[in-house]
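What follows is a set of notes on a single structure, which appears directly below.
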Amino acid sequence: MAEAIQQLILDTLHQHGTIKDTRTLTLPGYNEPAATHDGQIILLGALNSLSSRDMVTYTTHETMSHVLTSEGSSIAMNGSHEARVWSALPSKEQRPPLTPKELERKIGSEVAKIGQGRAFKNKWIVKEGDGLVRLTESIDDTTQKDMREVDSTGTLKAGEKALAELRKRKLIVPKKGQWFTVHKGSNFSTSTAKPETDLTVDMLTSGAWKTASFKKYNFDAEGMPTNGGGFHPLLKVREEVRNIFLEMGFAEMPTSSFVESGFWCFDSLFVPQQHPAREVQDTFYLSDPSTSLPPPADYYARVSKVHEHGGFGSSGYRAPWSDAESRKLLLRTHTTASSAAMLYKLAARCRGEDDLEADALAAHSGTTRKGKESGDGDGFRPAKLFSIDRVFRNETMDATHLAEFHQVEGVVADRDLTLADLIGFMRVFFKKMGLENIRFKPAYNPYTEPSLEIFAFHPQLRKWVEVGNSGMFRPEMLEPMGFPKDVHVHGWGIGLERPTMIRYGISNIRTLVGHKVPIENVEKSPAVRF
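If you number the sequence shown the way the working numbering does, the last residue is 530 and the count never jumps.
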């Protein structure tokens, strides 16, 4: 059908030189006349196809017409409301009059209510007693005539004032239309054969390319927008936090083990085996496999002893030790499990052993000594280490909590560190993140003493939100690893999601992470600069 219409346009141009008004054409294969709005839409598709090949040029002319609403169509077919009221009433000679209720039952309540007013206004009916009768013997239903005229021509001879009245009564609505004047283009031809778009091997072999017509390239056309991937806001904030750590001389710890044993996640950190965090409601335990390989035997013996009987100046927890509890496999609840393993490796030289990975990280971090220098005989090397990775907790999900989230973990190991050093560092760190409104609150952690919770003010939630936890690792944790007594370790963990929410003005974490996150928001999220 489309090719037939294109051929009609080309043949008409060839015969007459121009098409002054496309509404005069007859569309082949269509019941739709070309003069109608839909007919011109069909012609426009054919004109655009021919124009893209420079076979024709055309000028668009806009028109304004009117079409009937559903109520207007009903009037055109059945008459106006006032005419139907007049028809339903008896004349004065035909008694008795119809009451308004009887009239509604006869022609419908809506027609009766609307028609009575206009019939009274036209002086077609009159009230007699409790009923209504005709006042005239005949009427001229101009409204029905107007509807039929608009339906056939799209306008009224009576002019704009009459059209405005019908629009006000919502019997007609305006409708834009268009028609076209068509001229021959620079590549005019009566043939509708489409030009070639590609130069193929067959055309080169046969020589058909010599006589073929090729479609012109439009070098001014805009290309399709690229739909490349975008970094999630969490990844942008993660990279900025990572750069802050690297700028401050930290080395990144390996944290690829999402699954940890109860020993490294809790026992090595001096978390009692009876602690609520180790119960099912807070921790995801694995069912298959359910137990881990054994940790280093001598270190395991020292940890179990300090838990059950005390040591290194501590009385311990004085509670029975369970090997089974220590060997359970679980999804790590914090990346401090990885920090504990790395600190154990860092203490290897203090124990008279070698660990190349810990040595490399300590050398990279370049911590300045505050006390003794290397060569004192204990082999300790200061270190500043960090990690950013995912952790898992069986949390009740709400606007600020998820069952899995990212933890930013950092440790500084050196001689004679104090709590003031930790507070000073955290203020500098968060200032680099753009969070200057910071508060510290004393807290309890099994593996740090003293301990501090860190809060930042959330402008959208209009409240202080906990963003992290910090403290100085206890001797019961460090000395079983082999660290000297004067070596202290700062440790802290902050969430990645909550600083991201503050930075991007997000009030509900479920719109930042999860299936409800709009992909468009990820693609258009601005870069972060702390």
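Positions of the beta carbon are idealized from the N, C-alpha and C atoms, including for glycine.
Since the structure is predicted, the reported quantities are computational estimates derived from the model, not experimental observations.
Assign residue i to buried or exposed, taking buried as 16 or more other Cβ atoms, counted over all protein chains shown, within 10 Å of its Cβ.
| i | result |
| --- | --- |
| I75 | buried |
| L286 | exposed |
| L269 | buried |
| M433 | buried |
| F473 | buried |
| N227 | exposed |
| K101 | exposed |
| I519 | exposed |
| T500 | buried |
| V489 | buried |
| T368 | Its pLDDT being 47, under 50, T368 is placed unreliably in this model, and the value from its coordinates should be taken loosely. Counting Cβ neighbours within 10 Å, T368 comes out exposed, since fewer than 16 surround it. |
| V411 | buried |
| D267 | buried |
| P526 | exposed |
| R462 | exposed |
| A4 | exposed |
| L293 | exposed |
| T353 | Residue 353 is actually Glu in this sequence, not Thr. By the 10 Å Cβ count, E353 comes out exposed. |
| L10 | buried |
Quick check on DSSP: helix, strand or coil for residue i?
| i | result |
| --- | --- |
| Y300 | helix |
| F270 | coil |
| F440 | strand |
| I19 | strand |
| W209 | helix |
| V513 | coil |
| L496 | coil |
| A324 | helix |
| N394 | coil |
| K370 | Because K370 sits at a pLDDT of 45, beneath the cut-off of 50, its placement in the model cannot be relied upon, and the point is left open. |
| E222 | coil |
| T200 | coil |
| G115 | helix |
| S80 | coil |
| G375 | Its pLDDT being 41, under 50, G375 is placed unreliably in this model, and the value from its coordinates should be taken loosely. Reduced to three states, the DSSP call for G375 is coil. |
| Q7 | helix |
| H406 | strand |
| S314 | strand |
| F380 | coil |
| S470 | strand |
| N187 | coil |
| N445 | strand |
| T24 | helix |
| N508 | coil |
Is residue j closer than 8 Å to residue i when the C-beta atoms are compared?
| i | j | result |
| --- | --- | --- |
| V173 | T69 | yes |
| W124 | E93 | no |
| T192 | Q7 | yes |
| V133 | P97 | yes |
| H334 | Q407 | yes |
| K215 | R53 | yes |
| H307 | G313 | no |
| F284 | N394 | yes |
| A383 | L435 | no |
| R510 | I388 | no |
| S51 | Y58 | yes |
For residue i, which beta-bridge partners are listed by DSSP?
| i | result |
| --- | --- |
| K175 | S65 |
| S87 | According to DSSP, which records beta bridges pairwise, S87 is partnered with nothing at all. |
| V487 | R415 |
| A251 | L385 |
| H14 | Partner(s): none; H14 has no beta bridge. |
| L98 | L132 |
| F180 | T60 |
| W464 | F457 |
| F214 | E196 |
Locate the alpha helix (DSSP H) running through residue i, then write down its first and last residues.
| i | result |
| --- | --- |
| Q144 | 142-153 |
| S124 | Looking at the sequence itself, residue 124 is Trp, so the reference to Ser does not match. Run containing W124: none; DSSP gives neither H nor E here. |
| H37 | 37-51 |
| R169 | Element bounds for R169: n/a, residue is neither H nor E. |
| E476 | 475-478 |
| E260 | E260 -> not in any alpha helix (DSSP H); beta strand (DSSP E) instead, spanning 259-261. |
| L346 | 336-346 |
| E520 | 519-524 |
Could you give the residue range of the beta strand (DSSP E) that holds residue i?
| i | result |
| --- | --- |
| K194 | It is not in any beta strand (DSSP E) - K194 carries neither H nor E in the DSSP assignment. |
| H232 | First-last for H232: undefined, no H or E at that position. |
| H275 | First-last for H275: undefined, no H or E at that position. |
| T448 | 448-458 |
| M55 | Looking at the DSSP string, M55 is not in any beta strand (DSSP E), and its letter there is neither H nor E. |
| L548 | In this structure the chain extends from 1 to 530, so residue 548 is not present and cannot be described. |
| G131 | 131-134 |
| L329 | 329-331 |
Please find out if some non-hydrogen atom of the ligand FAD comes closer than 7 Å to the beta-carbon of residue i.
| i | result |
| --- | --- |
| H334 | With respect to small molecules bound, the structure shown includes none, and the ligand FAD cannot be examined in it. |
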